[in-house]
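Report on one structure; see the data block that follows.
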Amino acid sequence: MIVSVVVFFSLLINIVCLTISILNYKRDFFIRWISGILHQSVRISGVQISWCGFNFIIGFQNVFIVNPTTCQKSLFQIEQLDINIDLLYSLFHWKLSPRYLVLSGAQFNVSEIDIKKLLAGKKITDCNGRMSSNLESVENILLWVSKQSNVIAKATNVNYCTFRGSVVSIKNLYVTVSGGTLYHRIIGVGDLSQKIPTRFWFFITVVPNNINLYIKIKNIVFKQLVDSLFLRKYFKNFSISSGKGKIQLWVKFHNGILKSLKSLIVGNHVRLTLKEKCLLSFDCISANLLWKAYVNGWRLLGNHIFFQTVEKGQWLKYNPKIRVIFKNTMHTILKKIRSLFSKDICLLFEKLGYHPRKFKRLYRKTQLFGKLHQFSVLYLTRKEKPYYCLRVTFTDLNFRPWDSLLAGSQLSGSVEITPLRGTLQLKSNVRIDKASKAFFEDSFALKQLDLMTRWYWYSTRWNVAILKLHTID
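Going by the working numbering, the sequence shown opens with residue 58, and the numbers climb by one from there.
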């Protein structure tokens, strides 16, 4: 019985196909039908009916979404709108019911300011007077499209106006929307039409109260990303003057609030500025970053960080780790470097754009040379006084005399320093060179040295304790 009805309905549709010219002449029914589907007044220039396998498709050319206030000015145009009809549902309910939509050649004008106002529930005006934004007027359409089980938008162009007034053109955007009542999946790919061609991919899953977002961007201009109206508040003391690369982002929202963000970043020729004073330069950088929100703060973890600087044709490579915790208006910062040659410290600071005068003068006089291992710095902001802890293990450390201090060579050991205490361990073959008459008249060598000393601040003075001392001369 059902097969007979489907065959009959198919024959009926074929008869309708033979009367396309009449349908185009009497197309008010389709205009009302599309207007009801899109919840917006429309105009169309033509109607087509076709079959694709067992799929019955009604196509509309040059669909104009009409401004409801003027009823004349079109908000935007869709070159081709194809609606696949659900035959069985249409038969049982005796009305045309769409199964999925294909939009081709649509164009939208979108503004950063408009998006922010729309999210805040404010009225949208224009895009800095340069480009009329149709985001508010097509909001119902976009909302309806996002709720459909199957929608395909291809060859779509978006003119994105930044809050600074510049326009970024998104070309050849291809988006598919699929899902059901409680679950939606959105997949898309597109290009940014600019001097540096940028291609991006995104994957979005939407479930009640939760949104998961994955974005991959190739050849992104970092300055363009950081200067975004939505990210600018997170980078008030941070700016990027140059640099490009690629980014992968995994983002989670709960009830509209950002809960976590994981990223993989690879960049070249990156120039950063901190608080308009400190300029950092990286010839090559890559990092894994994880940001996670808590009830009273957040945490940022960076690992697999790798960056290079070039000096006299040789690449200098570094692999630090960083952890930042913000809790109750207090910051805790932990930085680690697995290994670093001491001779590269001053050069590294110079390449990063950081030039502490006292350190440079000390480094120049002592000619510090050796290798540092597990170098870490912990910094904690506190109301009364900041706290810090520096830890480092070193091997084959050499330095020249400075002021009235001794010189040494082939030193190995570790040191830990805080504002109120410190510990030094030395265990190696060592040579002590004379520094001044205040200490030793001649140089001498120790075959073995095993030393552990500790100093601390107690009451009103510093105290020094030697916990272990063993030497062979």
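Glycine included, C-beta positions come from ideal geometry on N, C-alpha and C. Computed from a prediction, not measured in an experiment: that's the story for all the values here.
- Under the three-pair Cβ rule at 8 Å, the stretch 262-269 counts as touching the stretch 310-329.
- Under the criterion of beta carbons closer than 8 Å, G300 and R256 do not qualify as touching, at roughly 18 Å.
- If you draw a straight line from the Cα of I244 to the Cα of V232, it comes to about 6 Å.
- By the beta-carbon neighbour count (other beta carbons within 10 angstroms, threshold 16), L144 is buried.
- Per the C-alpha coordinates, the member of K309, V283 and L160 positioned closest to F260 is K309.
- Counting of Cβ neighbours within 10 angstroms places V99 among the buried residues, the total reaching 16 or more.
- Residue pairing for G302: DSSP places it in a beta bridge opposite I277 and G324.
- Cα atoms of V449 and T213: separation of roughly 56 Å, rounded to the nearest angstrom.
- C109 counts as exposed, since fewer than 16 other C-beta atoms from the protein chains shown sit within 10 angstroms of its C-beta.
- Taking C-beta atoms under 8 Å as the contact rule, I101 and I115 fail to qualify, at a distance of about 11 Å.
- For V208, the beta-bridge partners assigned by DSSP are L158 and V234.
- From the listed residues L429, K252, S206 and Y157, the smallest Cα separation to V224 is found for K252.
- Between K303 and N112, the alpha-carbon positions lie close to 41 Å from each other.
- Of the other Cβ atoms in all chains shown, 16 or more fall within 10 Å of the Cβ of P155; this residue is therefore buried.
- Residue pairing from DSSP places I122 in a beta bridge opposite V99 and F133.
- Under the criterion of beta carbons closer than 8 Å, F451 and G465 do not qualify as touching, at roughly 11 Å.
- About 10 Å separates the beta carbon of I274 from that of G247, a gap too long to meet the 8 Å contact definition.
- Straight-line measurement puts the Cα of V434 at about 25 Å from the Cα of S485.
- In this chain, the beta strand (DSSP E) harbouring L437 covers F426 to L437.
- Pairing G354 with K384 gives a Cβ-Cβ distance under 8 Å.
- By the C-beta density criterion, V521 is exposed, having fewer than 16 other C-beta atoms within 10 angstroms.
- In the three-state reduction of the DSSP assignment, G354 falls in the strand class, which pools E and B.
- Rounded to whole angstroms, the separation of the alpha carbons of I322 and C341 is 11 Å.
- Just measuring C-alpha positions, the residue of I140, N166 and E473 sitting nearest F133 is N166.
- Taking every protein chain shown into account, the CB of L483 has 16 or more other CB atoms within 10 angstroms, so this residue is buried.
- Close CB contacts of I135 within its chain, under the 6 Å cut and outside five residues either way in sequence, are with V120, L160 and A163 (chain order).
- Using a Cβ distance threshold of 8 Å, L239 and V215 do not count as a contacting pair.
- Each of R518, L468 and V472 was checked against the Cα of L506, and the nearest Cα belongs to L468.
- Within a 10 Å sphere around the beta-carbon of F149 sit fewer than 16 other beta-carbons, which makes this residue exposed.
- The three-state secondary structure of I140, taken from DSSP, is strand.
- For K252, the secondary structure class from DSSP, reduced to helix, strand or coil, is coil.
- DSSP lists F260 and W307 as the bridge partner or partners of Y271.
- Residue nearest to Q137 within the set K211, R89 and T438 is K211 (criterion: CA-CA distance).
- Apart from sequence neighbours up to five positions away, the residues of its chain that approach P377 with a beta-carbon distance below 7 Å are I362, K392, K393 and I394, ordered along the chain.
- Residue pairing of A522 in beta bridges, as defined by DSSP: R511.
- In this structure, the straight-line span from the alpha carbon of A344 to that of N325 is close to 12 Å.
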